[in-house]
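Counting along the sequence shown from 1, when you hit position 374 you're at 392 in the working numbering, and nothing is skipped either side. All C-beta atoms, glycine included, are put in the ideal place defined by N, C-alpha and C. Before any comments, here is the structure.
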Amino acid sequence: MLDAYLKNGELFLRDRGIREVTPKVISRAYLQPIDEMTNGYVSVGSDAEAIAVLRRFGFELSGKTREILPGLTEGKKGICSICGKDAIVVPNRAFIFPFERKIDSIVDESNRLTLCQEHAFKLYAAMAYLYTVPTGTGVLKFFFDAPERELKRFKRMFKYGFWREHFRVEVREKKGKKQYSIKLSLMLSRYHPNEAFFAVLHDFVKFLKDMNELDETMEVGRTVRTYLVYGSGQFYREHVIEGTTLEKLIGFLNKVQNAGKEIRWGRRHLSIWDSAVVMFYESLEVPRGKDRSKNFLERGEFVRKLLDGKFDFVLLNEIFMERLKRKLPFPPYYYAWAQSYLGAFGGDVVDVKTFEQVNGLGYGLGKKMKGTNLERYQWELFRARGFEEFLNKLVELQAKLEESLDLRPIYENEKEWKVVKAILLNGMLNALHGADKKDNSTPDNPKEGRK
Numbered sequence: 019m020l021d022a023y024l025k026n027g028e029l030f031l032r033d034r035g036i037r038e039v040t041p042k043v044i045s046r047a048y049l050q051p052i053d054e055m056t057n058g059y060v061s062v063g064s065d066a067e068a069i070a071v072l073r074r075f076g077f078e079l080s081g082k083t084r085e086i087l088p089g090l091t092e093g094k095k096g097i098c099s100i101c102g103k104d105a106i107v108v109p110n111r112a113f114i115f116p117f118e119r120k121i122d123s124i125v126d127e128s129n130r131l132t133l134c135q136e137h138a139f140k141l142y143a144a145m146a147y148l149y150t151v152p153t154g155t156g157v158l159k160f161f162f163d164a165p166e167r168e169l170k171r172f173k174r175m176f177k178y179g180f181w182r183e184h185f186r187v188e189v190r191e192k193k194g195k196k197q198y199s200i201k202l203s204l205m206l207s208r209y210h211p212n213e214a215f216f217a218v219l220h221d222f223v224k225f226l227k228d229m230n231e232l233d234e235t236m237e238v239g240r241t242v243r244t245y246l247v248y249g250s251g252q253f254y255r256e257h258v259i260e261g262t263t264l265e266k267l268i269g270f271l272n273k274v275q276n277a278g279k280e281i282r283w284g285r286r287h288l289s290i291w292d293s294a295v296v297m298f299y300e301s302l303e304v305p306r307g308k309d310r311s312k313n314f315l316e317r318g319e320f321v322r323k324l325l326d327g328k329f330d331f332v333l334l335n336e337i338f339m340e341r342l343k344r345k346l347p348f349p350p351y352y353y354a355w356a357q358s359y360l361g362a363f364g365g366d367v368v369d370v371k372t373f374e375q376v377n378g379l380g381y382g383l384g385k386k387m388k389g390t391n392l393e394r395y396q397w398e399l400f401r402a403r404g405f406e407e408f409l410n411k412l413v414e415l416q417a418k419l420e421e422s423l424d425l426r427p428i429y430e431n432e433k434e435w436k437v438v439k440a441i442l443l444n445g446m447l448n449a450l451h452g453a454d455k456k457d458n459s460t461p462d463n464p465k466e467g468r469k
């Protein structure tokens with residue numbers, strides 16, 4: 019991650035025409051990366067203002083930090099951790115490379131990063147191309163890495179197109195001091211870090227379609243690696259999304275967006291490209307209390323796996339059953355999400371064909387069970403704790419319905435029986451509790467979809 023972050027700093031300096039790093043250059047240009055990080059909404063005029071902006075963006079600066087420039091230029095002789103040269107070095111600080119794991123009781127101080135002035139300033143400059151998204155529990159920071167030509171092309175669409183349109187920083191004065199707030203216009207709620215990036219990606223795909231740049235950006239996206247970093251108290255977690263995965267995620271969201279239709283949903287008016295994404299995503303809530311972030315713990319985990327290239331049918335089934343207990347509606351557009359994801363990624367544990375067969379079997383059973391005392395089998399099947407018990411319950415249900423069913427997809431996937439069971443049950447729940455439409459969309463649901 020250090021090298022990828024450094025590359026962003028080097029690119030920013032080249033973009034600004036800075037070819038050589040000297041103390042004079044640092045003194046003249048050290049506030050520019052902060053201005054760029056704010057999308058140009060803030061023109062930082064002093065170290066005090068710079069520190070206030072950095073703290074608002076989630077940089078965990080020491081309470082003793084009063085200046086930035088000395089932290090970049092004033093050091094002592096030592097070895098640079100990056101280039102290995104014997105030079106005047108400065109210790110890493112949160113505003114230079116903010117993601118160093120530095121737990122004083124565990125990591126020896128001598129193992130901490132020390133940086134020559136050139137590499138300290140290049141790392142510091144990387145914040146210009148660092149993106150920050152507030153969440154319900156903190157902030158997500160992310161940045162991109164790719165070969166320079168592709169990184170510039172991707173940055174042109176993301177930062178200078180999409181980000182300029184959706185991200186801003188507001189400034190107001192209180193008691194003679196400037197206060198800063200981050201405003202981000204996104205359609206999806208975000209209580210957890212992975213949800214925050216997914217919310218960004220959804221609106222980014224819409225932007226690309228509006229600009230007729232989707233195909234070109236997907237092509238470039240194959241080479242773009244994304245680094246998501248989140249955490250606090252000097253404990254950071256890192257999630258890396260490879261370029262091929264990013265390309266498929268963009269393709270997946272494009273397909274789901276195209277499955278929607280313009281609709282009024284509760285208090286919200288949803289566009290064609292928003293409805294299928296928003297209605298399913300916002301319906302993955304399991305109410306637990308006043309702290310809404312806890313209502314979306316499972317959704318956060320589901321999205322994390324999506325970003326890793328896995329559609330977790332078992333976790334979804336647990337969410338659906340918990341919602342059923344609470345008499346909440348079945349999430350709309352489940353089928354569109356599952357089919358689009360498997361179509362984009364080619365399947366993980368099961369392929370598209372197996373999903374279609376098993377989902378169709380579950381949906382057909384649900385239709386026949388609806389309105390009868392056999393609806394209890396949705397719980398009987400859910401509670402099955404082994405393949406044999408699951409199969410026996412299924413055969414028992416088949417006999418009670420007096421139906422001849424093709425169970426070959428079940429037998430053929432015995433090793434993945436938990437996933438197969440989840441897919442079958444999800445199809446069944448869709449038939450029993452979803453709307454009587456293929457896309458399972460509901461015209462109006464005032465209890466869902468609120469941010």
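Next item on the list: Measure the C-alpha to C-alpha separation of residue 389 and residue 407 and round it to an integer number of angstroms.
Entry: Your numbering for residue 389 matches position 371 in the sequence shown. Your numbering for residue 407 matches position 389 in the sequence shown. Cα to Cα, residue 389 sits roughly 25 Å from residue 407.
Checklist line | Cα-Cα separation, residue 249 to residue 157 | finding: What you label residue 249 is simply residue 231 of the sequence shown in a count that begins at 1. What you label residue 157 is simply residue 139 of the sequence shown in a count that begins at 1. Taking the straight line joining both Cα atoms gives about 8 Å.
Notebook entry, point to check: Are three or more beta carbon pairs between the stretch 406-421 and the stretch 309-324 nearer than 8 Å?
Noted result: no
Next item on the list: Using three-state DSSP, classify residue 389 as helix, strand or coil.
Entry: Taking the first residue of the sequence shown as 1, we reach residue 389 at position 371. Residue 389: coil per DSSP, three-state reduction.
Item checked: Start-to-end residues for the beta strand (DSSP E) that takes in residue 96 -> Against the sequence shown, residue 96 aligns to sequence position 78. Segment 94-97, the beta strand (DSSP E) holding residue 96.
Notebook entry, point to check: With a CB to CB cut of under 7 Å and the five nearest residues on each side skipped, what residues in its chain are close to residue 124?
Noted result: On the sequence shown, residue 124 is found 106 positions in, with the first residue counted as 1. With a pLDDT of 45 at residue 124, under the threshold of 50, the predicted position of this residue should be treated as unreliable, though the coordinate-derived value follows. Same-chain partners within the cutoff: there are none.
Note to self: So, under 8 Å CB-CB, residue 386 and residue 421 are touching, yes? Tell me the CB distance rounded to an integer number of Å.
What the structure shows: Numbered from its first residue, the sequence shown carries residue 386 at position 368. Numbered from its first residue, the sequence shown carries residue 421 at position 403. That belief holds up - the Cβ atoms of residue 386 and residue 421 are roughly 7 Å apart, short of 8 Å.
Check: Over what stretch of residues does the beta strand (DSSP E) that includes residue 201 continue unbroken?
Finding: Position 183 of the sequence shown, counting from 1, holds the residue named residue 201. Run containing residue 201: 195-202, per the beta strand (DSSP E) assignment.
Note to self: On the DSSP letters alone, give me the boundaries of the alpha helix (DSSP H) that residue 269 sits inside.
What the structure shows: Counting from one through the sequence shown, the residue named residue 269 turns up at place 251. Its alpha helix (DSSP H) spans residues 261-276.
Check: In angstroms, rounded to a whole number, what distance separates the CA positions of residue 121 and residue 155?
Finding: As a first step, residue 121 is located in the sequence shown; it is residue number 103 there, counting from the start. As a first step, residue 155 is located in the sequence shown; it is residue number 137 there, counting from the start. Caution is warranted here: a pLDDT of 44 is assigned to residue 121, below 50, making its placement in the model unreliable, and no coordinate value can be reported.
Margin query: Less than 8 Å between the C-beta atoms of residue 219 and residue 267, yes or no?
Written below: As a working note, residue 219 is residue 201 in the sequence shown. As a working note, residue 267 is residue 249 in the sequence shown. Contact: yes.
Margin query: According to DSSP, is residue 53 part of a helix, a strand, or is it coil?
Written below: Here residue 53 corresponds to residue number 35 of the sequence shown, with the count starting at 1. If DSSP states are grouped into helix, strand and coil, residue 53 belongs with the helices.
Next item on the list: Tell whether a beta-carbon distance below 8 Å holds between residue 114 and residue 141.
Entry: By 1-based counting over the sequence shown, the position of residue 114 is 96. By 1-based counting over the sequence shown, the position of residue 141 is 123. Yes.
Check: Going by other Cβ atoms of all chains shown within 10 Å of its Cβ, with 16 needed for buried, is residue 351 buried or exposed?
Finding: Translated into the one-based positions of the sequence shown, residue 351 becomes position 333. Classification of residue 351: buried, given that the 10 Å Cβ count is 16 or more.
Next item on the list: Could I get the ranges of all uninterrupted beta strand (DSSP E) runs contained in the stretch 58-119, with 3 residues as the minimum, in chain order?
Entry: 94-97 and 104-109
Next item on the list: Below 7 Å CB to CB, which residues in the same chain sit around residue 289 once its five sequence neighbours on both sides are set aside?
Entry: Position 271 of the sequence shown, counted from the first residue, corresponds to residue 289. So the list reads 280, once near-sequence residues are dropped.
Margin query: Less than 8 Å between C-beta atoms, sequence neighbours within five positions excluded: which residues of the same chain meet that for residue 24?
Written below: The residue labelled residue 24 in the question sits at position 6 within the sequence shown. Only 100, 137, 140, 141 and 144 meet the Cβ criterion.
Item checked: Cβ-based burial, residue 287 [other Cβ within 10 Å; buried from 16] -> In the sequence shown, residue 287 corresponds to position 269, counting from 1. Looking at its Cβ environment, which holds fewer than 16 other Cβ atoms inside 10 Å, residue 287 is exposed.
Check: At which residues does the alpha helix (DSSP H) containing residue 137 begin and terminate?
Finding: Within the sequence shown, residue 137 is the residue found at index 119, counting from 1. Where residue 137 is concerned, the enclosing alpha helix (DSSP H) stretches over 135-143.
Margin query: Report the CB separation of residue 441 from residue 373 in whole angstroms; it is logged as a contact under 8 Å.
Written below: Your numbering for residue 441 matches position 423 in the sequence shown. Your numbering for residue 373 matches position 355 in the sequence shown. That belief holds up - the Cβ atoms of residue 441 and residue 373 are roughly 6 Å apart, short of 8 Å.
Check: Could you give the distance in angstroms between the alpha-carbon of residue 324 and the alpha-carbon of residue 263?
Finding: For the purposes of this step, residue 324 is taken as residue 306 along the sequence shown, with counting starting at 1. For the purposes of this step, residue 263 is taken as residue 245 along the sequence shown, with counting starting at 1. Approximately 10 Å between the Cα atoms of the pair.
Margin query: Whole angstroms are fine: how far does the CA of residue 30 sit from the CA of residue 186?
Written below: Position 168 of the sequence shown, counted from the start, is the residue given in the question as residue 186. Position 12 of the sequence shown, counted from the start, is the residue given in the question as residue 30. One C-alpha to the other measures close to 20 Å.
Notebook entry, point to check: Any idea which residues DSSP pairs residue 288 with across the strands?
Noted result: The sequence position of residue 288 within the sequence shown is 270, counting from 1. Per DSSP, 281.
Check: For the candidate residues 447, 405, 403 and 349, whose alpha-carbon lies nearest to that of residue 378?
Finding: Translated into positions along the sequence shown, residue 378 becomes position 360. Out of 447, 405, 403 and 349, 447 has the C-alpha closest to the C-alpha of residue 378.
Next item on the list: Would you tell me roughly how many angstroms separate the C-alpha atoms of residue 339 and residue 321, rounded to the nearest one?
Entry: Residue numbering aside, residue 339 sits at position 321 when the sequence shown is read from its first letter. Residue numbering aside, residue 321 sits at position 303 when the sequence shown is read from its first letter. Going from the Cα of residue 339 to the Cα of residue 321 covers about 18 Å.
Margin query: Do residue 54 and residue 112 have their beta-carbon atoms positioned less than 8 Å apart in this structure?
Written below: Translated into positions along the sequence shown, residue 112 becomes position 94. Translated into positions along the sequence shown, residue 54 becomes position 36. Cβ distance not < 8 Å, so residue 112 and residue 54 don't count as in contact.
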